[in-house]
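Residue numbers (our numbering), protein chains in the order written: chain S, 1 to 323; chain P, 324 to 646. We treat Cβ as the ideally placed atom computed from N, Cα and C, and that holds for glycine. These notes concern the structure reproduced below.
Number of protein chains: 2
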Amino acid sequence: MKYDVIGVGNAIVDVISPTSDAFILEHGLSKGAMTLIDARRAHELYAKMGVARETSGGSVANTCAGIASLGGQAAYVGRVAQDQLGEVFGHDIRAAGVDFLGSPADASGPPTARCLILVTPDAQRTMNTYLGACVELSPEDIKPEDFAQARVTYLEGYLWDPPLAQEAMRKAARAARSAGRKVALTLSDAFCVTRHRDSFEQLIDEHVDLLFANESELLALTQTAHFEDAITRIRGRAEWVAVTRGALGSVVLSSDARADVPAAPVARIVDTTGAGDLYAAGFLFGYTRGCSPEECARLGALAAAEVISHYGARPEIRLGSLL
Amino acid sequence: MKYDVIGVGNAIVDVISPTSDAFILEHGLSKGAMTLIDARRAHELYAKMGVARETSGGSVANTCAGIASLGGQAAYVGRVAQDQLGEVFGHDIRAAGVDFLGSPADASGPPTARCLILVTPDAQRTMNTYLGACVELSPEDIKPEDFAQARVTYLEGYLWDPPLAQEAMRKAARAARSAGRKVALTLSDAFCVTRHRDSFEQLIDEHVDLLFANESELLALTQTAHFEDAITRIRGRAEWVAVTRGALGSVVLSSDARADVPAAPVARIVDTTGAGDLYAAGFLFGYTRGCSPEECARLGALAAAEVISHYGARPEIRLGSLL
């Protein structure tokens with residue numbers, strides 16, 4: 001098999017700035033969530049933000065970088081523009097050891113996507129995404145032969161937002177399934193689930209073998225206020241369901257078992273951006289190597305612990321050295 | 324007075340990546356130095372570099388950001404292009420609280436400058452600069468009235484490299500001097516001194532009140548192999564001379580005294596990029612407030628200690644909180 005995991009996602013450069021809770025309040029931002037913004041709002045908010053650093057991001061792209069960092073084989077499909085931020089994204093994903101299969105965007109289209117990320121002193125990240133060139137990702141970007149050669153096809157819920165990407169995701173899922181491969185999905189964000197709940201449910205029932213969610217996303221999907229109720233409702237909807245709960249660790253449901261796995265210790269939590277993405281990286285790395293649900297969750301916790309110890313959503317050390 | 328310090332420098336976005344000593348050797352890089360590279364070499368080297376982060380840089384721009392972070396009033400003149408990296412540079416210098424006085428560049432010119440910085444495990448930085456739009460900085464960018472309103476005009480030796488910038492520097496120095504203000508210069512880099520030694524000496528003798536150098540730059544300027552010989556030769560060439568010596572601290576020479584000041588303690592040195600720039604920030608902040616040479620050097624050491632404790636050449640905390 002050529003790849004352990006092939007991912008499809010929104011290709012985004014993160015613009016990260018530490019901030020205060022007062023700034024979040026003053027600018028009416030939705031703390032802890034991902035909010036879509038247009039070019040004008042992105043310009044306005046950027047002008048108000050403090051000094052920033054730019055690092056490549058994008059949820060599934062972060063996961064693919066994590067899998068490569070652990071020693072796995074990963075490929076990524078996403079759309080950037082032919083501009084400086086697109087060059088940064090392409091460089092970083094390739095330098096991480098991931099095959100970047102995105103096709104070149106039309107030079108006249110919108111610029112590469114960016115996510116303005118404000119990190120408060122509690123290490124919580126508040127994300128404001130201008131989708132830019134991501135809206136051009138389309139079914140033509142999905143080459144079925146690539147998906148037939150990957151153990152797992154990994155999709156992000158955020159892909160429901162750009163108009164053509166939903167069909168691209170379905171095409172990728174069908175290509176994977178018809179070749180006998182597995183399909184994994186992350187629900188991405190509670191508001192994203194609320195925006196697209198019906199089609200999320202349809203995709204899960206039709207195509208998804210592994211489902212990743214955090215607690216609030218799971219509650220939004222199952223429309224309940226209680227975690228244990230949500231667990232009961234989601235059980236059996238996918239072969240495996242992994243639910244992350246921040247400092248409380250994660251819960252993995254397989255057909256006949258439930259594993260509750262603690263979070264890995266972190267000396268100082270700086271920026272939680274990418275925690276879920278790197279949990280998925282560790283988990284999928286374990287899954288493609290035949291690990292048990294509990295072992296997969298432990299690998300996820302280990303990878304997440306590294307990424308929340310610094311700013312930025314991709315590993316700063318070779319994660320394989322932690323194994 | 325409107326400004327404590329007005330700086331003129333190469334406006335650069337840093338592209339920072341940790342690397343190994345083997346990489347430095349393999350690619351024939353000049354460890355610890357700043358090497359000028361053309362667009363093609365920049366493209367080649369970037370393709371070989373690992374995952375990077377982008378942060379705004381530029382020696383004097385870093386110093387101006389440091390002065391603002393300490394609570395001083397700073398302005399900056401430098402040339403970026405109208406592109407995404409130029410937007411990043413402009414945002415970051417303004418967000419740091421510095422007045423960015425650069426004029427907009429011609430859209431058809433070269434792109435915003437970048438510096439590919441490789442940081443080895445010993446925290447040493449090896450810099451490879453593509454000057455891009457910096458070559459367009461010219462005397463027309465220097466508005467004498469801005470320089471008359473600043474206690475200190477601060478210039479970087481790196482400005483000798485772009486062709487039109489030398490005359491811009493002389494114009495800035497003359498504007499400052501004729502208004503009765505002070506002129507400061509950093510020698511920037513030992514190879515830069517070697518490239519331009521005669522005109523450096525001329526500028527120092529004609530216009531410079533405060534001279535900043537590290538040990539190797541001072542040795543290159545004075546053409547001696549021994550630090551104490553170099554100190555003897557440079558003494559009296561400017562009102563104040565501040566020489567940084569890394570972990571050995573700094574030496575400040577004024578007309579009648581010499582102060583040897585230790586480096587400030589750092590728990591873990593991560594990346595020495597910006598150490599000299601932030602030393603100058605602390606020093607000039609003290610100078611514009613009438614501090615003694617020794618006090619200025621202590622402020623410089625304090626600011627430098629913060630910037631070498633993390634990746635990137637600009638402060639990550641408000642330096643004023645350390646005072």
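Item to complete: Output the residue ranges of the alpha helix (DSSP H) runs that lie fully inside the segment 415-485 of chain P and measure 4 residues or longer, sorted by chain position.
Response: 467-471
Worksheet item: Do you know how far the Cα of ALA418 (chain P) is from the Cα of GLY612 (chain P)?
Response: Note on residue identity: the sequence assigns Arg, not Gly, to residue 612 (chain P). Their Cα atoms are separated by approximately 24 Å.
Item to complete: Report buried or exposed for ASP92 (chain S), applying the criterion of at least 16 other Cβ atoms within 10 angstroms of its Cβ.
Response: buried
Worksheet item: With contact counted as at least three CB pairs below 8 Å, one residue from each stretch, are the segment 339-346 of chain P and the segment 622-630 of chain P in contact?
Response: no
Discussion item. List, in chain order, every chain S residue whose beta-carbon is nearer than 8 Å to that of LEU408 (chain P).
Written reply: Residues of chain S passing the Cβ test: GLN84.
Worksheet item: Taking just the CA atoms, how far does LEU253 (chain S) sit from ARG235 (chain S)?
Response: 7 Å
Fill in: Assigned secondary structure, ASN710 (chain P) (DSSP; H/G/I helix, E/B strand, else coil)
The first residue shown for chain P is 324 and the last is 646, placing residue 710 (chain P) beyond what the model contains.
Item to complete: Anything in chain P within Cβ reach of GLY312 (chain S), meaning under 8 Å, just list it in chain order.
Response: Residues of chain P passing the Cβ test: ARG376.
Item to complete: Tell whether a beta-carbon distance below 8 Å holds between LEU478 (chain P) and VAL331 (chain P).
Response: yes
Worksheet item: How would you call ASP4 (chain S), buried or exposed, if buried means at least 16 neighbouring beta carbons within 10 angstroms?
Response: buried
Item to complete: Leaving aside the five residues before and after TYR279 (chain S) along the sequence, list all residues of the same chain whose C-beta is less than 6 Å from its C-beta, in chain order.
Response: THR244, GLY300 and ALA304
Item to complete: Compare the C-beta of TYR602 (chain P) against all C-beta atoms of chain S and say whether one is closer than 8 Å.
Response: no
Item to complete: Examine chain P for any beta-carbon lying closer than 8 Å to the beta-carbon of ALA96 (chain S), and answer yes or no.
Response: yes
Worksheet item: How would you list, in chain order, the residues of chain P whose beta-carbon sits under 7 Å from the beta-carbon of VAL88 (chain S)?
Response: GLU377
Item to complete: Less than 8 Å between the CB atoms is what I'm expecting for ARG474 (chain P) and ILE335 (chain P), so what's the real figure, rounded?
Response: The beta carbons of ARG474 (chain P) and ILE335 (chain P) sit about 25 Å from each other, so the pair does not count as a contact at 8 Å.
Worksheet item: So what's ASP583 (chain P) in DSSP terms, helix, strand or just coil?
Response: strand
Worksheet item: Touching or not, the segment 161-178 of chain S and the segment 115-126 of chain S, by the rule of three or more beta carbon pairs under 8 Å?
Response: no
Discussion item. Taking the alpha-carbon of LEU453 (chain P) as reference, which of P:ALA498, P:ALA513 and P:LEU439 has the nearest alpha-carbon?
Written reply: One detail in the question is off: residue 453 (chain P) reads as Tyr in this sequence, not Leu. Of the candidates P:ALA498, P:ALA513 and P:LEU439, the one whose C-alpha sits nearest the C-alpha of TYR453 (chain P) is P:LEU439.
Worksheet entry | Same chain, Cβ closer than 8 Å to SER309 (chain S), five either side skipped, listed in chain order | VAL266, ALA267, ARG268, ILE269 and VAL270
Practice prompt. Quick one: using the 10 Å Cβ neighbour count with 16 as the cut-off for buried, is HIS207 (chain S) buried or exposed?
Written response: buried
Item to complete: Assign LYS354 (chain P) to one of two classes, buried (16 or more other C-beta atoms within 10 Å of its C-beta) or exposed (fewer than that).
Response: Exposed: under 16 other Cβ atoms inside 10 Å.
Fill in: LEU284 (chain S) - DSSP class collapsed to helix/strand/coil
helix
Worksheet item: Can you tell me where the alpha helix (DSSP H) with GLU44 (chain S) in it begins and where it stops?
Response: 39-48
Practice prompt. Could you give the DSSP three-state label for ILE231 (chain S): helix, strand or coil?
Written response: helix
Practice prompt. Use the C-beta contact count for GLN407 (chain P): other C-beta atoms within 10 angstroms, 16 or more gives buried, fewer gives exposed.
Written response: buried
Worksheet entry | Proximal chain S residues relative to GLY597 (chain P), where beta-carbon distance stays under 8 Å | Neighbours of GLY597 (chain P) across chain S, judged by C-beta separation under 8 Å, do not exist; the nearest C-beta is about 13 Å away.
Worksheet entry | Local Cβ density within 10 Å of GLU26 (chain S), reported as buried at 16 or more and exposed below that | Its Cβ having fewer than 16 others within 10 Å, GLU26 (chain S) is exposed.
Practice prompt. Scan the segment 360-374 of chain P for residues whose Cβ lies nearer than 8 Å to a Cβ of chain S and list them as they occur along the chain.
Written response: Close to chain S, meaning a Cβ-Cβ distance shorter than 8 Å, are the following residues of the segment 360-374 of chain P: TYR369, ALA370, MET372, GLY373 and VAL374.
Worksheet item: In three-state terms, what does DSSP make of LYS182 (chain S)?
Response: strand
Discussion item. Between which residues of its own chain and GLY381 (chain P) is the CB-CB distance below 7 Å, once the five residues before and five after are set aside?
Written reply: Around GLY381 (chain P): GLY332, ASN333, ALA334, ILE335 and GLY401.
Discussion item. Against chain S, with Cβ distances strictly below 8 Å, would ASP429 (chain P) count as a contact?
Written reply: So, not an interface residue.
Practice prompt. For TYR311 (chain S), write down the residues that DSSP places opposite it in a beta bridge.
Written response: Its beta-bridge partners do not exist; DSSP assigns none.
Fill in: Within chain S, partners of ASP415 (chain P) - CB distance below 7 Å
Within chain S, VAL51 and ALA52 have C-beta atoms less than 7 Å from the C-beta of ASP415 (chain P), given in sequence order.
Item to complete: If I'm right that ALA238 (chain S) touches LEU211 (chain S) with Cβ under 8 Å, what's the distance once you round it to whole angstroms?
Response: That pair is a contact at about 4 Å.
Worksheet entry | SER56 (chain S), DSSP secondary structure in three states | strand
Discussion item. Considering just the uninterrupted stretch of the beta strand (DSSP E) at VAL331 (chain P), what are its terminal residues?
Written reply: In the DSSP assignment, VAL331 (chain P) falls within the unbroken beta strand (DSSP E) covering 326-331.
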